[in-house]
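Engineer:
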Amino acid sequence: MKKIFFLAVSIIFLTSCTTANKQLSYKEWSSSTTREYAGISNNQFFLAVEKLFLLDYGNELSLKRMNETIFAKRNRVTRTGWWIFKSTNYHVDSWRINISPTKDGTKITIQANYALSAGKPIPDSVMMPGMPVHNTEIYDQFWVKLDYLLKNNDNTNNL
């Protein structure tokens, strides 16, 4: 009887620890990764996006601007553990931001990728290592920060 009770409690406990990921439709996904702005030039966006990443990541960031795309990459190493039981983890946070003019203004599309490797460095030759982030919260934070920078910097010289 005790075994059955323990098994039932264990199953209930373990199933309550999992959460189902909400599957987003294409419209929901594109609304979280794409925005259009009116009255702001491509150059203003480039400057605001560069400032946003420099404020977030500081000197851990490498930015590469190619035509109408910005690639931002952050490499970092974390070490955890005690004494001989240490672990080294290599993280790479990558962003690709496409900025393109439209007839009404400017369209921005973003993609974030995260890669984690325990014990082995991630090759630096890969432009966007890892898997895309399917959680929209990181994109929501990006838009809030970008809106703040664009709203509070009417003059591009202040960026």
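With the first letter of the sequence shown counted as 1, position 54 gets the number 53 in numbering that gives the first Met the number 0; the numbers rise by one all the way through.
All residues carry an ideal CB built from backbone N, CA and C; glycine is no exception.
(1) Considering only the beta carbon of each residue, do residue 132 and residue 114 sit closer than 8 Å?
(2) Out of 50, 81, 28, which one is the CA nearest neighbour of residue 137?
(3) Answer with buried or exposed for residue 24, where buried requires no fewer than 16 other C-beta atoms within 10 angstroms of its C-beta.
(4) Going along the chain, which residues of its own chain have a beta-carbon closer than 6 Å to the beta-carbon of residue 1, five neighbours each way excluded?
(5) Taking only the alpha-carbon atoms, compute the straight-line gap between residue 31 and residue 117 and give it to the nearest angstrom.
(6) Using the beta-carbon count (16 or more within 10 Å), is residue 43 buried or exposed?
(7) Tell me the DSSP secondary structure of residue 67 in three-state form.
(8) Give every residue of the same chain whose Cβ lies closer than 7 Å to the Cβ of residue 147, excluding the five residues on either side of it in the sequence, and list them in chain order.
(9) Based on Cα-Cα distance, which residue from 91, 97, 108 lies nearest to residue 60?
(10) In the segment 72-119, which residue ranges form an unbroken beta strand (DSSP E) of at least 3 residues, counting only runs that do not cross its ends?
(11) Go through its chain and collect everything with a Cβ distance to residue 52's Cβ below 6 Å, but skip five positions before and after it.
(12) By alpha-carbon positions, which one of 141, 144, 26, 99 ends up nearest to residue 67?
Structural biologist: To lay it out plainly:
(1) Not closer than 8 Å, so no.
(2) 28
(3) Residue 24 counts as exposed, since fewer than 16 other beta carbons sit within 10 angstroms of its beta carbon.
(4) Non-local C-beta neighbours of residue 1 in its own chain, meaning closer than 6 Å and more than five positions away in sequence, are absent.
(5) 30 Å
(6) The residue in question, residue 43, is buried, as its Cβ has 16 or more Cβ neighbours within 10 Å.
(7) coil
(8) none
(9) 91
(10) 84-100, 105-117
(11) 60, 71
(12) Looking from the CA of residue 67, the closest CA among 141, 144, 26, 99 belongs to 99.
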